[in-house]
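In our numbering, the protein residues as written are 791 to 1501. Even for Gly, the Cβ is constructed at its ideal location relative to N, Cα and C. What follows is a short report on a single structure.
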């Protein structure tokens, strides 16, 4: 029997063929997912317990640390005064003024309490020493106003910092400040904390506490302060010097109004009270009244030290006045005492008007280091951080400016003592200078023009060398000039802002230092009471002229003292210098006044020291002006100071470098009949021709016609 066609024999057992599926290629099964390792619950419990224990231990340590903090000094704060050390590393003065006059809170006006809370810590009665929302809010407010409108630290933190800590901005200090704040909050009531704060915070002008601040600024007790006065005082702790109404009244009023605005915003005052307080006139006490600012000698020098520490090294007035510092200075007590002795001698100064003292400022420095050896900032009783006429003055220097603006740059350009200068009617672009004696001499030597301080030759010479040449030289000496200072009047000291005695002494130091100038300074270093150095001076000298040119200027300036306008400054040792006198302004109120002066100067030096003296009235008017010159009283004061300062010091000569000397002009100036061969024509204008009798000047100097100066 035949098989069906659909079935074919494969040679395998029939049962296997019927039960097994066809053979196929199988892919391996994917690996089974690994199960996550689970931390045993017991281990989690151990970890949590360990962390809790660690936190508890840390909290306990912090708590014990906070409890160990001693806050007893809050009640009666004490501080070691900041010491001023002299050049010999010996203490000579103290600049601490930590004198408190505490008053109870009920004797402090409500307006004062609310003003300080509004500007410093508006959530004062809500936090426990640290105000995190307040820190965030203050950051936004200050960013919006682009100024320090609100503080991030609470009143409690500020109290802690004021009494226990420094102003250094470190994490450790901030952490310690917070710890003190917690301790203070736990120990005292809010009202007591506010009372201590108002009695101990620094308000500037050497005044700690609200009672002394009220007396200093407004001449009254704290309980008598008005709303407007309270707001003005509340503005001070943030930046006492900047917002002092004695220093910047307009800014103080602006800040007062800002505080009043914050008080209105907080609901402390009404709109009407806000308007009335803003309209209240500011009636300040006499800033010259004795304030007890500095406990020690040499007040003017101490003021200069404070200013330098703030401006150059970033200290705050509060830091310096709080004490516990040592400031090593460049002061030589012998020089300082000599200067103060001279300033006690009224016979060395012009007679004063009945209602105003003729003021003066002077400085003596070392020309080789720039160290200020002595400084006097005013006549009369010292006022703490009052106006310092030695460092802060800005007055026209008159002819005392000629050596640095005209003659030294001209010497650098090749002019010599015997070079002939024009002295006749001069008109350069409408500028017509005159000699003090209203005389003309035709031609004069550079030597005689400087020695006798004739104006026309100086102006003519500056025009010849170029105002830019003189200006560049002066700038190298450290005297700041402006864009307005680009005119021929600078030959006679006509500056837009003026100069101080310190700046003039520094500029003249280039001559005895043989061409080098070093920035004038009072501070060598500042340390903590235990010796940690916080700041250190590093003055860098700059060479601005050759030794030979500098010595040539010294020889010329010695003749100013020997035979010229500075005879009264002559010492029994080599001395050089220059006088300066500025006329009264051409105003109607001065019409009819003959021979009046506004400012008188003498700037001079010996081989050891450079000194500068200025005299004048703080406010010059028809009843307050001088009838003297720089060659009289200023020269006498210079002579007295230097005589005492150099007493028993060996006499030495100015060091003469190789190839220098011989500035005395030989022969006589040319006869006026030979003017056709000179550089000056009969109209007093340069014709550009070289005078063969004169030395060759700067080879790069181009021949030109004198025209309106556009340097």
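Which residues does DSSP list as the beta-bridge partners of residue 1179? Looking at the DSSP assignment, residue 1179 forms no beta bridge with any residue, so it has no partner.
Between residue 855 and the rest of its own chain, which residues show a CB-CB distance below 8 angstroms, the 5 nearest in sequence each way excluded? Since pLDDT at residue 855 reaches only 46, below the 50 mark, its modelled position is unreliable, and no value is offered.
Kindly identify the DSSP beta-bridge partner or partners of residue 1403. Answer is 1152 and 1392.
Give the secondary structure of residue 998 by DSSP, where H, G and I count as helix, E and B as strand, and everything else as coil. Annotated three-state conformation of residue 998 is strand, per DSSP.
Which of helix, strand or coil does DSSP assign to residue 1311? strand
Could you check if residue 1143 is buried or exposed, using at least 16 other CB atoms within 10 Å of its CB as the buried criterion? Flag for residue 1143 reads exposed.
Where residue 1163 falls: helix, strand or coil (DSSP): Reduced to three states, the DSSP call for residue 1163 is strand.
Using alpha carbons as the reference points, say which of 1049, 1055 and 1088 lies closest to residue 1510. The structure shown has nothing for residue 1510, since the chain only spans 791 to 1501.
Buried versus exposed, by CB contacts within 10 Å (16 or more), residue 1069: Label assigned to residue 1069: exposed.
Collapsed DSSP secondary structure at residue 1433 in the structure displayed: helix
Other residues of its chain near residue 1329: CB distance less than 8 angstroms, five sequence neighbours each side excluded: 1159, 1160, 1308, 1309 and 1311
Which residue's Cα is closest to the Cα of residue 1318: 834, 830 and 875? 875
Just the Cα atoms here: how many angstroms apart are residue 1464 and residue 1409? Summary for residue 1464: the model assigns pLDDT 32, below 50, so the residue's position carries little reliability; its value from the coordinates is reported in the next sentence. Computed Cα separation, rounded: 49 angstroms.
Under the DSSP definition of a beta bridge, which residues are partnered with residue 1366? Residue 1366 pairs with 1395.
Have a look at residue 1023 and residue 1056 and give me their C-alpha separation to the nearest angstrom. 18 angstroms
Starting from the C-beta of residue 1254, find all residues in its chain whose C-beta is less than 6 angstroms away, skip the five residues before and the five after it, and write them out in chain order. none
With residue 993 and residue 1026 assumed to form a contact (beta carbons below 8 angstroms), what rounded beta-carbon distance in angstroms separates them? 5 angstroms
Taking 8 angstroms as the threshold, find out whether the segment 1209-1223 comes into contact with the segment 1381-1398 through three or more Cβ pairs. no
From the DSSP output, read off the bridge partner residues of residue 881. 875
To which residues of the same chain is residue 923 closer than 8 angstroms at the C-beta, ignoring the five residues directly before and after it? 913
Under a Cβ-count criterion, where at least 16 other Cβ atoms within 10 Å of its own Cβ denotes burial, should residue 1420 be classed as buried or exposed? Residue 1420 should be labelled buried.
Considering only residues of the same chain and omitting the five flanking positions on each side of residue 947, which have a CB-CB separation below 6 angstroms? 967 and 971
Could you tell me if residue 1061 is buried or exposed, where buried requires 16 or more neighbouring beta carbons within 10 angstroms of its beta carbon? With fewer than 16 other Cβ atoms within 10 Å, it is exposed.
What do you get for residue 1323, buried or exposed, if any count of 16 or more other CB atoms within 10 angstroms of its CB means buried? exposed
Whose CA, out of 1119, 1020 and 1098, lies closest to the CA of residue 1072? 1020
Among the residues of its own chain, which have a CB less than 7 angstroms from the CB of residue 1047, if the five just before and after it don't count? 1068
State the DSSP-derived secondary structure class of residue 1042, mapped to helix, strand or coil. Assigned with DSSP and collapsed to three states, residue 1042 falls in helix.
If I follow the unbroken beta strand (DSSP E) through residue 1234, where does it start and stop? 1232-1235
Under three-state DSSP, which class holds residue 1416? strand
Under the rule that 16 or more other beta-carbon atoms within 10 Å means buried, what is residue 1272, buried or exposed? exposed
Does any residue of chain B bring its CB to less than 8 angstroms from the CB of residue 1075? Here chain B cannot be found, since the structure has a single protein chain.
Just the C-alpha distance for residue 1129 and residue 916, rounded to the nearest angstrom, thanks. 57 angstroms
Does the distance from the CB of residue 1239 to the CB of residue 1248 come in under 8 angstroms? yes
With distance defined between alpha-carbon atoms, name the residue in 1116, 989 and 907 nearest to residue 1313. It is 1116.
Using 10 angstroms around the beta-carbon of residue 1092, count the other beta-carbons present and answer buried if the total reaches 16, otherwise exposed. Buried, since its Cβ has 16 or more Cβ neighbours within 10 Å.
Within 10 Å of its beta-carbon, does residue 1296 have 16 or more other beta-carbons around it, so buried, or fewer, so exposed? Buried, since its Cβ has 16 or more Cβ neighbours within 10 Å.
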